[in-house]
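The sequence shown begins at 1 in the UniProt record's numbering and counts up by one.
Beta carbons: idealized from backbone N, C-alpha and C, even for Gly.
Since this is a predicted model, take the numbers as computed values, not measurements.
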Amino acid sequence: MRNFDVEKYLADGKTAYGQRANIEALADKLTKRGFHNIVIIGIGGTWAEWSPVVQVMRHYTDLPIYLENAAELCVRTDKRFLTKDSLVITASASGDTKEILAAVKMCKEMGIEVAGFSKNGETPLAKELDYLIANPCGDCEDSYLMFFLLALKLLHNRGEFPDYVKFADQMSHLHTNLVRIREEFEPKAAQIARAYAKEPYNIFVGSGTLWGETFLFSMCILEEMQWVRTKSVTSADFFHGTLELVEKDVPVFLFKGEDEYRELDERVERFCKQHTEKLTVIDTREYRLEGIDDSFRVICSPMILTALVTERLAAHYELNTGHSLKFRRYYRQFDY
């Protein structure tokens, strides 16, 4: 596979999974401390990665769960839900995301403890956190894995996710599955990129536990890293405006999930099959997971999608656009 080091990827996967004991110990400590709600803070891609975690948590718990945009949280005035009894969790791989740092410092000024993930203990974020889990790996699925381990162990401790141990044990098979899934998708990734990498406008549609990854791929990969113009929209909202931009030569990418929102994806698919000749459907259900129960597929679906598009499809877009995924003209290039 182009620009993919299997050995390094599997080693990073072992590192991420190797944090299981530390994550579970932190969950136990936070449970003992007690909390009345959970407030998760992200921005951009980090917000997107937390999105399916929050979706899944809300299926199992009646505990209030908030997913907040860091920049908006800092300026909003209706923060009554954010108190010393809140469990605040955040993440920044680089550890220097301005908005995340500002939100964490605001919480500290309010006397609220914050737990979070960063690449190591030396980042600016790590030094502000009360509880740190190191996440030195760069792949989105590593973040998803660690976020879900913490979230579902917290629910397990409340008696709300009794299958946690089975889930966590089976996640040891995750990365080998995702290597095989990449290999299966590789020809399709090459074909999609050849066909659409230089299109002037692209629509991306997803829902439920795949909405965050849909948004992430559209904005953080194609817009930020490839300068490809996109529109991302949920399957529900697609029919309230975006459908009017669908024509026979407009590319529409539909990411079909496996949760209760799938019927909304199918409605979009039926419409687009009639109105565009450039519909691409990527369905996580088509990719099997060996050694992982079907009951955990919804949880794993954003990990499958990130392997397919945020990693493999992005690599082929880079090849076809000739634009390096690492090149930026504005993002983190100067103060703004």
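Residue i and residue j: beta carbons closer than 8 Å?
i	j	result
N135	A126	no
F147	W50	yes
M303	L149	no
I41	K84	no
E186	Y287	no
A315	F4	yes
residue 352	L67	Residue 352 is absent from the structure shown; the chain starts at 1 and stops at 336.
I282	V309	yes
L210	M171	no
E24	A70	no
T321	A197	yes
K158	T61	The identity of residue 158 in the sequence shown is Arg, whereas the question assumes Lys. Yes; because the gap between Cβ atoms is below 8 Å, this pair is in contact.
L154	T31	yes
Out of curiosity, what's the CA-to-CA distance linking residue i and residue j?
i	j	result
A11	L245	44 Å
L63	I299	19 Å
Y317	E263	29 Å
F161	K29	18 Å
K231	R33	43 Å
A93	G138	7 Å
M106	V250	44 Å
A195	T46	29 Å
A27	K166	17 Å
I192	P200	15 Å
E260	V205	16 Å
G13	R182	15 Å
S218	L325	13 Å
M1	C140	18 Å
A48	C272	25 Å
G208	T176	25 Å
T97	T242	32 Å
C74	M110	12 Å
F327	H156	42 Å
Can you check whether the C-beta of residue i is within less than 8 Å of a C-beta belonging to chain B?
i	result
E160	This model lacks chain B altogether; it includes just one protein chain.
In this structure, how does DSSP classify residue i when only helix, strand and coil are distinguished?
i	result
E68	strand
F255	strand
residue 337	Limits of the chain in this structure are 1 at one end and 336 at the other, which puts residue 337 out of reach.
T31	helix
I40	strand
Y287	coil
Y144	helix
I292	coil
Out of the options, state which residue places its alpha-carbon closest to the alpha-carbon of residue i.
i	options	result
D265	Q274, F255 and K273	F255
L132	D294, A115, E258 and E24	A115
E269	L222, L325 and T234	T234
K248	V228, I221, L279 and W227	L279
S301	Y336, T214 and A236	T214
K188	A48, L313 and G159	L313
R297	P52, Q333, R267 and G95	P52
Can you tell me the Cβ-Cβ gap for residue i and residue j, rounded? I've got them flagged as a contact below 8 Å.
i	j	result
G257	T284	6 Å
T90	V104	6 Å
H173	I292	6 Å
L152	E128	So it is not a contact: roughly 26 Å between Cβ atoms.
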